[in-house]
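*Asks:*
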Amino acid sequence: MVRSESLKHYAANNQETDRLRVSSDVDPRALREIYLRGFQRVVTDAQPWTVMCSYNRVNGTYASQDPWLLTDVLRGEWGYEGIVVSDWGAVEDRVEGVKAGMDLEMPGTRGRTDAEVVAAVREGRLDEAALDVVVDRLIELSRKAQARPKVEGPLDVDAHHALAREAAARSIVLLKNDDGVLPLARDARVAVIGEFAAVPRFQGAGSSKINPTRVDTALSEIRALAGTEVAYAAGFSIDGEGDAAALRDEAVAVAGPADAVVLFLGVPAVEESEGFDRTHIDLPAAQLELLDAVVEANPNVVVVLSNGGVVALPFADKVPAILEAWLLGQAGGGGTADVLYGVVNPSGRLAETIPQRLEDTPAYGNFPGEHGHVRYGEGLLVGYRWYDERGLDVTYPFGHGLSYTTFAYGDATAVVAESGDVVVTVPVTNTGSVAGREVVQAYTSLPGSSVQRPPRELKAFASVPLEPGETKDVVLTIRRSELTYWDVRVDRWVLEGGEYVVEVGASSRDLRSRASVRVEGDVVTLPVSMGSSFEELLLDPVGADLQAAIDAKFGGDNTLITVLGNFPVGRLDGFPLPREEIEELVRRAQEG
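Numbering (my numbering), first residue to last: 204 to 795.
This is how it looks when you write it as structure tokens:
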């Protein structure tokens, strides 16, 4: 298989505010476990041709000239073989970038930085051998590109559009569906309201924009599937122009006689784009006012959302059905119609939590930082981990998504395979009357862990198609490496042994079955000194002698360790052992 992907943006590139200079200041565990782990998986599993380094600094150093990121970790630890390319205009100092392991600066600088590199080699500030390595990598990239097989035949536009429609429908998340309002009956009198239905927001803004071969509108595709006439009113103006009251009155008149109202709401591109961050998570006020007026005229309202990031849903209890459609691409209108009328049974799941308010989010209080630095103060508690750790109410949890059918879970089992991976098996049954897909999710935790951990973390999932009445044993494999944490004491991944709990379900807060499995951990040997704590010394093999001395003196009462366990042994002269004996224990530990 030819892999010509570009993996980006490496790394910790999480805000647009001051994005070309800001330093993402991240603690080692969070950096490794949250922000680098995904890159590590892709590099080690797929070896993409290029990795794009980001604009920002990471802990003070520009990503484009960070030898730790580009050479030590990416190539040294992960074995990356491709080239590193900069984001457009991300290079602060190309000479330092070459030294760090950056191969290709984009875009070109009309020879200015080329001359800087040449001058650095001539002046001895840049080893010519380092430049040779860069050139060799670029030559290899060119060779691979030229060796790719040619695409035969003309582009099948219709087939690609059909695939885009399928992908769009599969991406939609059914957040709510009280009383089976959806799918719509073909003979139902439907009113479509909202300008997004006729003028779709189907892609992002900035450099994410593309030129589609054609664009479906939800309004035209709904009319194509409906068996009766479909009324329409814009309801609001996406660009904010026009008479809001008149548009709202027109929508109310259309909504009143309908059996069901499909109301399209969303975030205009002017409020959500590359280059700036949103300052709130609210829908435009005119749209919320429209919703209130429409619900008063006809409570049977299905809301369809068009947005790139989550929005607050203060109306979640006011309407019977909500579809989170995101930005669905050129065939999104058709995909939306397919889900509304049940041609496709929705199976999308939320990849992020929908909070009740902005102030509940993990980054609140840290973003956007100050004076060129932003502190990742939430640490490991990113996304659903944060909400679960703090027991915060959310509008819809991570992993949530409904279906037009129902699913039942049996008893889960978990075993450790010969590979060391944990294999989880759970029977899942389609208990409804239509075919559907369930996204089975496995979360793990380690009660009593010696390090900070969220209440649970997603470690594996699978999308499983099931016919009505059908049962399948769903097998989820949790890699042994996914259970490890970054141990800052030894600067490496460590698997803590113990009884892991595996919870299986339909979201991070809809857990249907659980199992436990004992996993053998790694041995971590820490350097011992008189500055080590009693607890740390007890973990060393010589700790058995220390434990025996404590037992002999205190009759097996380990209260001493509980009270004094964190004290450095060198500061407790004669208690419970003379200093000379403690020094001897430390010496033996150091000699191994």
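Even glycine gets a Cβ: it sits at the ideal position worked out from N, Cα and C. Quick caveat, the model's predicted, so the values are computed rather than measured.
Give the range of the alpha helix (DSSP H) segment to which Gln-644 is assigned.
*Replies:* Premise fails: Gln-644 lies in the beta strand (DSSP E), 639–648, not in any alpha helix (DSSP H).
*Asks:* Take Glu-738 as the anchor and find which of Ile-557, Arg-695, Asp-676 and Gly-773 has the nearest alpha-carbon.
*Replies:* Glu-738 has its Cα closest to that of Gly-773, out of Ile-557, Arg-695, Asp-676 and Gly-773.
*Asks:* Assuming Asp-480 contacts Thr-220 under a Cβ cut-off of 8 angstroms, what Cβ separation, rounded to an integer in Å, is found between them?
*Replies:* Between Thr-220 and Asp-480 the Cβ distance is about 5 angstroms, and since that is below 8 angstroms, they are a contact.
*Asks:* In whole angstroms, what separates the C-alpha of Ala-266 from that of Gln-218?
*Replies:* When rounded, the distance between both Cα atoms is 14 angstroms.
*Asks:* Between which two residues does the alpha helix (DSSP H) containing Ser-423 stretch?
*Replies:* Per DSSP, Ser-423 belongs to the alpha helix (DSSP H) from 421–428.
*Asks:* Which residues bound the beta strand (DSSP E) around His-212?
*Replies:* His-212 -> beta strand (DSSP E) spans 209–213.
*Asks:* Applying the criterion that 16 or more other CB atoms from any shown protein chain within 10 Å of the CB defines a buried residue, is Ile-413 buried or exposed?
*Replies:* So Ile-413 counts as exposed.
*Asks:* Any idea what DSSP makes of Ile-557, helix, strand or coil?
*Replies:* DSSP places Ile-557 in strand when its eight states are reduced to three.
*Asks:* Going by other Cβ atoms of all chains shown within 10 Å of its Cβ, with 16 needed for buried, is Phe-757 buried or exposed?
*Replies:* So Phe-757 ends up on the exposed side.
*Asks:* For Thr-312, which residues in the same chain have their Cβ closer than 7 angstroms to its Cβ, ignoring the five residues on either side in sequence?
*Replies:* Excluding residues within five positions, none has a Cβ falling inside 7 angstroms.
*Asks:* With a CB to CB cut of under 7 angstroms and the five nearest residues on each side skipped, what residues in its chain are close to Leu-767?
*Replies:* Same-chain partners within the cutoff: Phe-737 and Leu-775.
*Asks:* Excluding five sequence neighbours on each side, which residues of the same chain lie with their C-beta closer than 8 angstroms to the C-beta of Leu-494?
*Replies:* Once the five neighbours on either side are set aside, the close Cβ partners of Leu-494 are Leu-466, Leu-468, Val-504, Val-506, Phe-518, Lys-521 and Val-522.
*Asks:* Using 8 angstroms as the Cβ pair cut-off and three pairs as the minimum, do the region 378–386 and the region 603–610 touch?
*Replies:* Enough Cβ pairs lie closer than 8 angstroms, so yes.
*Asks:* Less than 8 angstroms between the CB atoms is what I'm expecting for Leu-686 and Val-637, so what's the real figure, rounded?
*Replies:* About 37 angstroms separates the two Cβ atoms, so there is no contact after all.
*Asks:* Can you give the Cα-Cα distance for Pro-558 and Leu-344, rounded to whole angstroms?
*Replies:* Approximately 44 angstroms, taken between the alpha carbons.
*Asks:* So, at 6 angstroms on beta carbons, what are the nonlocal neighbours of Ile-525 in its own chain, with the 5 sequence-adjacent residues on each side left out?
*Replies:* Leu-378, Lys-379 and Val-506.
*Asks:* Return yes when the Cβ of Arg-588 is within less than 7 angstroms of the Cβ of Pro-657, no when it is not.
*Replies:* The answer is yes: Cβ separation under 7 angstroms.
*Asks:* Can the beta-carbon of Leu-749 be found less than 7 angstroms from the beta-carbon of Leu-740?
*Replies:* In this structure, Leu-740 lies closer than 7 angstroms to Leu-749 by Cβ.
*Asks:* For the region 318–332 against the region 298–305, do three or more pairs of beta-carbon atoms, one drawn from each stretch, fall closer than 8 angstroms, so that the two count as touching?
*Replies:* The answer is yes - the region 298–305 touches the region 318–332, with three or more Cβ pairs under 8 angstroms.
*Asks:* Between Pro-671 and the rest of its own chain, which residues show a CB-CB distance below 8 angstroms, the 5 nearest in sequence each way excluded?
*Replies:* The answer, listed in chain order, is Thr-608, Asn-633, Gly-635, Ser-636, Val-637 and Ala-638.
*Asks:* DSSP on Ile-713, reduced to helix/strand/coil?
*Replies:* In the sequence on display, residue 713 carries Asp and not Ile. If DSSP states are grouped into helix, strand and coil, Asp-713 belongs with the strands.
*Asks:* Quick one: does Lys-347 have its CB under 7 angstroms from some CB of chain D?
*Replies:* Of the protein chains in the structure, only one exists, and it is not chain D.
*Asks:* To the nearest angstrom, how far is it from the Cα of Arg-225 to the Cα of Gly-734?
*Replies:* Before going on, a small fix: residue 225 reads as Val here, not Arg. In a straight line, the C-alpha of Val-225 is about 38 angstroms away from that of Gly-734.
*Asks:* Excluding five sequence neighbours on each side, which residues of the same chain lie with their C-beta closer than 7 angstroms to the C-beta of Phe-242?
*Replies:* Excluding positions up to five away in sequence, the list reads Leu-210, Tyr-213 and Ala-214.
*Asks:* Any idea if Met-309 is buried or exposed, counting beta-carbon neighbours within 10 angstroms, 16 or more meaning buried?
*Replies:* Under this definition Met-309 is an exposed residue.
*Asks:* May I have a chain-ordered list of the beta strand (DSSP E) segments no shorter than 3 residues that lie completely inside the region 665–729?
*Replies:* Here the runs fully enclosed are 674–681, 688–690, 695–697, 701–710 and 713–722.
*Asks:* Check Ile-396 in the structure and name its three-state DSSP category.
*Replies:* Ile-396: strand per DSSP, three-state reduction.
*Asks:* Going along the chain, which residues of its own chain have a beta-carbon closer than 7 angstroms to the beta-carbon of Val-433, five neighbours each way excluded?
*Replies:* Closer than 7 angstroms at Cβ, skipping near neighbours: Val-393, Val-395, Ile-425 and Arg-426.
*Asks:* Between which two residues does the alpha helix (DSSP H) holding Gly-746 run?
*Replies:* Residues 746–757.
*Asks:* If you measure between the beta carbons of Val-691 and Val-629, is that distance less than 7 angstroms?
*Replies:* No. Outside cutoff.
*Asks:* Taking 8 angstroms as the limit between beta carbons, can you name the residues of its chain near Thr-247, skipping five residues before and five after?
*Replies:* These residues qualify, in order along the chain: Trp-281 and Gly-282.
*Asks:* Nearest-angstrom Cα distance between Val-643 and Gly-708?
*Replies:* Cα to Cα, the separation comes out at about 6 angstroms.
*Asks:* Going by other Cβ atoms of all chains shown within 10 Å of its Cβ, with 16 needed for buried, is Pro-781 buried or exposed?
*Replies:* By the 10 Å Cβ count, Pro-781 comes out exposed.
*Asks:* Would you mind sorting Ile-342 into buried or exposed? The rule is 16 or more other CB atoms within 10 Å of its CB.
*Replies:* Per the 10 Å Cβ criterion, exposed.
*Asks:* Determine the direct distance from the alpha carbon of Arg-260 to that of Ala-333, and round the result to whole angstroms.
*Replies:* Rounded to the nearest angstrom, the two C-alpha atoms are 23 angstroms apart.
*Asks:* What are the residues that DSSP puts in a beta bridge with His-576?
*Replies:* DSSP output for His-576 lists Ser-226 and Glu-573 as bridge partner(s).
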